[in-house]
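Here the sequence shown is numbered in numbering that gives the first Met the number 0, starting from 0 and rising by one per residue.
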Amino acid sequence: MSTVNLPDDTIAAISTPAGVGGIGIVRISGIDAIRIAERVFHSPKGKKIAVMPSFTIAYGFITDPSTGERIDEALFSVMRAPKSYTAEDVVEINCHGGLHTVSKTLELVINEGARIAAPGEFTMRAFLNGRLDLAQSEAVLDIINAATEGSGRLALEQLSGRLSSNILAARDALISVCAEVEAQIDFPEDDIPAADKSVLLDKIDSIATRLKSLSGSYARGRYFREGLLTAIAGKPNVGKSSLLNALLEKDRAIVTPMPGTTRDTIEEVININGLPVRIVDTAGIRRGRGPAEVEGINRSLAAVEAAALVLAVFDGSTALTSEDYEIAAATAEKDVIIVINKADKVMAYPNDLIIDKYKHITNMERQAVNVSALTGAGLDKLKETLYSRVMQNNSPEAGEGVIVTNLRHKCALDDAVAALINAKKSLHAENPHEITALELREALSALGQITGVVTTADILDRIFSAFCIGK
Ligand SMILES: Nc1nc2c(ncn2[C@@H]2O[C@H](COP(=O)(O)OP(=O)(O)OP(=O)(O)O)[C@@H](O)[C@H]2O)c(=O)[nH]1
Ligand SMILES: [Mg+2]
Numbered sequence: 000m001s002t003v004n005l006p007d008d009t010i011a012a013i014s015t016p017a018g019v020g021g022i023g024i025v026r027i028s029g030i031d032a033i034r035i036a037e038r039v040f041h042s043p044k045g046k047k048i049a050v051m052p053s054f055t056i057a058y059g060f061i062t063d064p065s066t067g068e069r070i071d072e073a074l075f076s077v078m079r080a081p082k083s084y085t086a087e088d089v090v091e092i093n094c095h096g097g098l099h100t101v102s103k104t105l106e107l108v109i110n111e112g113a114r115i116a117a118p119g120e121f122t123m124r125a126f127l128n129g130r131l132d133l134a135q136s137e138a139v140l141d142i143i144n145a146a147t148e149g150s151g152r153l154a155l156e157q158l159s160g161r162l163s164s165n166i167l168a169a170r171d172a173l174i175s176v177c178a179e180v181e182a183q184i185d186f187p188e189d190d191i192p193a194a195d196k197s198v199l200l201d202k203i204d205s206i207a208t209r210l211k212s213l214s215g216s217y218a219r220g221r222y223f224r225e226g227l228l229t230a231i232a233g234k235p236n237v238g239k240s241s242l243l244n245a246l247l248e249k250d251r252a253i254v255t256p257m258p259g260t261t262r263d264t265i266e267e268v269i270n271i272n273g274l275p276v277r278i279v280d281t282a283g284i285r286r287g288r289g290p291a292e293v294e295g296i297n298r299s300l301a302a303v304e305a306a307a308l309v310l311a312v313f314d315g316s317t318a319l320t321s322e323d324y325e326i327a328a329a330t331a332e333k334d335v336i337i338v339i340n341k342a343d344k345v346m347a348y349p350n351d352l353i354i355d356k357y358k359h360i361t362n363m364e365r366q367a368v369n370v371s372a373l374t375g376a377g378l379d380k381l382k383e384t385l386y387s388r389v390m391q392n393n394s395p396e397a398g399e400g401v402i403v404t405n406l407r408h409k410c411a412l413d414d415a416v417a418a419l420i421n422a423k424k425s426l427h428a429e430n431p432h433e434i435t436a437l438e439l440r441e442a443l444s445a446l447g448q449i450t451g452v453v454t455t456a457d458i459l460d461r462i463f464s465a466f467c468i469g470k
């Protein structure tokens, strides 16, 4: 493992997005941040940055120290180490947003001795200076990229350390198991008695279960980050496009009383409790009548195939037909919510009929929701069902609602679980304790990689280079 040195220079970058905005921010961090800011600052009242208390703001002009030229009116905020984002001295210069002003300001700051920050370098410093752990640092990136309020909330929870505290608790438990096993290496003549061995095995099991359920939450976390791809499928005229429009609360798809109206798939995103749901309306599936419809139906089948969840729609006001049964057969292998539409009319058959059909094909109980795309009745129930399906699907007992959203974390969790399984085998097989201890250490090191207790320079570079410059 290569070691990582603490930073001893001063970095600067434009922290606001490129383009013309109301204000632009140039952020400086490091041991020389105050001195450098002072050089480019001119206060009409003679204020000095060097004597400003932390968390105060001064008004003045950004001034070129070599010519005395005024670049812009600005506010200088001072945050002193260690209570700043990076835990170093930080000065933020808030100037007017034009690209020229902001870049000119950055240029002056660089001339005075700062270095342009690499992407993510401010956050990397927060990590290196011990203010954020690795999982929290990555959460900063996720917040920047969060698509909906829900994914933002997840990232925020990670930033506040909920994932980290779960990992640290597991790590603690593991360290004590490891210590017990390693004690045997030093005193080999006192072999672990059978009773203690079964306690050890139980402890390892319970840690592995906890880690497995955290890892299992990854699929769910991914839906929050990337959206849940959901296809609306059914035979023609059951009200699929009407359902899409009702969920979107706008007339997005064409609806007519004629079967075979929708020809091409349409995708729109709705937000359910912060979960971005990518809903795809499809052409009604039946034996096609003409090349355009056949092509449309092929696309419907492809959309069903690609979807993580299928809303299988049936018309509750008319008897089921063989086409409906074909829909059940075509979607039975998928994660399905049965939607029985047109509930505003007199129902032609009990829900059990179609639920039983699905059960007959795959031996799985499916939920059915009655809705009316016309009146909106049942739509809230449908959204609730969809949301709780996603939350339950992926490991119900996952660490008190903590969701792993990052692939690197999931892989490390899986590595830890694999090592724990090996440790158990080794204990069972009465291998030398060194071997068991080695596996336990392997699991520890996998966990350490999540929060950054164990890190190597290359892992750090990989993580922080995904950030934008200025963060
Ligand atoms: N009464 C009633 N009529 C509905 C409801 N939902 C849809 N309809 C009507 O059913 C007909 C077909 O609706 P669409 O939404 O076009 O059906 P579709 O499943 O998209 O049809 P295709 O695109 O042809 O596959 C239209 O006349 C709708 O007004 C409902 O909940 N209640
Ligand atoms: Mg349609």
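All C-beta atoms in this analysis are idealised placements derived from N, C-alpha and C, irrespective of residue type, glycine included.
Note that the structure is a prediction, hence the values are computed from the model and not measured.
- Message: Measuring alpha carbon to alpha carbon, tell me which residue in Ser76, His41, Glu68 is nearest Phe60.
- Response: His41
- Round the Cβ separation of Ser316 and Met346 to the nearest angstrom and send it over; I've been treating them as touching at under 8 Å. 7 Å
- Task: Spatial neighbours of Val401 within its chain, please: CB distance less than 6 Å, with the 5 preceding and 5 following residues excluded, ordered by chain position.
- Result: Arg161, Leu162, Asn165
- Could you tell me whether the region 321-337 touches the region 233-245, using the rule of 3 or more Cβ pairs below 8 Å? yes
- Message: Given the structure, does Ser299 come close to ligand 2, in the sense that its CB is under 7 Å from one of the ligand's heavy atoms?
- Response: no
- Do Gly129 and Glu87 have their CB atoms nearer than 8 Å? no
- Query: Using the rule of at least 16 other Cβ atoms within 10 Å of the residue's Cβ for burial, across every protein chain shown, is Tyr544 buried or exposed?
  - Reply: Past the edges of the chain, shown from 0 to 470, lies residue 544, and the structure says nothing about it.
- Looking at the C-beta of Ser444, does it have a partner C-beta in chain C at a distance below 8 Å? Protein chains in the displayed structure number just one, and chain C is not present.
- Message: Can you list, in chain order, the residues of its chain with a C-beta nearer than 6 Å to that of Gly23? Leave out the 5 residues immediately preceding and following it.
- Response: Thr15, Cys94, Gly96, Val101
- Query: Is any heavy atom in ligand 2 found nearer than 7 Å to the beta carbon of Thr260?
  - Reply: yes
- Query: What beta strand (DSSP E) runs, 3 residues minimum, are completely inside the region 222-309?
  - Reply: 227-232, 265-271, 274-280
- Residue span of the alpha helix (DSSP H) that contains Gly45, given as start and end: Gly45 -> no alpha helix (DSSP H), and no H or E assigned at all.
- Task: Count the other C-beta atoms from every protein chain shown that fall within 10 angstroms of the C-beta of His500, then say buried if there are 16 or more, exposed otherwise.
- Result: Coverage of the chain is limited to positions 0 through 470, which leaves residue 500 absent and any answer about it impossible.
- Task: Reducing DSSP to helix, strand and coil, say where Ala174 ends up.
- Result: The sequence as given places Ile at residue 174; Ala does not occur at that position. Correct three-state label for Ile174: helix.
- Is Phe54 helix, strand or coil by DSSP? coil
- Item | Straight-line gap, Ala367 to Ile336 (C-alpha atoms, nearest Å) | 6 Å
- Query: What is the DSSP secondary structure of Ser164, reduced to helix, strand or coil?
  - Reply: helix
- Identify which residue in Ile278, Gly67, Ser387, Val176 has its Cα closest to the Cα of Ala442. Val176
- Query: What is the rounded straight-line gap between the Cα of Glu120 and the Cα of His408?
  - Reply: 21 Å
- Query: So, Thr264 versus Arg286, is the Cβ gap smaller than 8 Å?
  - Reply: no
- Query: Within 7 Å: the Cβ of Ser164 and any heavy atom of ligand 2?
  - Reply: no
- Message: Beta-carbon within less than 6 Å of Gly220's beta-carbon, same chain only, minus the 5 sequence neighbours each way: which residues are those?
- Response: Ile402, Val403, Thr404
- Nearest candidate by alpha-carbon position, reference Ser53, set Val25, Lys44, Glu91: Glu91
- Message: Please return the same chain residues whose Cβ sits closer than 8 Å to the Cβ of Ala436, not counting the five positions on each side in sequence.
- Response: Cys177, Val180, Glu181, Ile184
- Would you say Ala12 touches ligand 2, meaning its beta carbon is less than 7 Å from a heavy atom? no
- Task: State buried or exposed for Ala116, treating a residue as buried only when at least 16 other CB atoms are found within 10 Å of its CB.
- Result: buried
- Cβ of Ala113 within 7 Å of any heavy atom in ligand 2? no
- Between which two residues does the beta strand (DSSP E) harbouring Asn340 extend? 335-340
- Going by beta carbon distance, what residues of the same chain come within less than 8 Å of Asn393, once the five residues before and after it are set aside? Per-residue confidence for Asn393 stands at a pLDDT of 46, beneath the threshold of 50, marking its modelled position as unreliable; no derived number is given.
- Message: Tell me the DSSP secondary structure of Asp351 in three-state form.
- Response: helix
- Query: Could you give the C-beta distance for Asp314 and Lys341, rounded to a whole number, given that I count them as a contact under 8 Å?
  - Reply: 5 Å
- Can you give the Cα-Cα distance for Lys472 and Thr450, rounded to whole angstroms? For residue 472 there is no data in the structure shown, the boundaries of the chain being 0 and 470.
- C-beta atoms of Asp334 and Ser371 nearer than 8 Å: no
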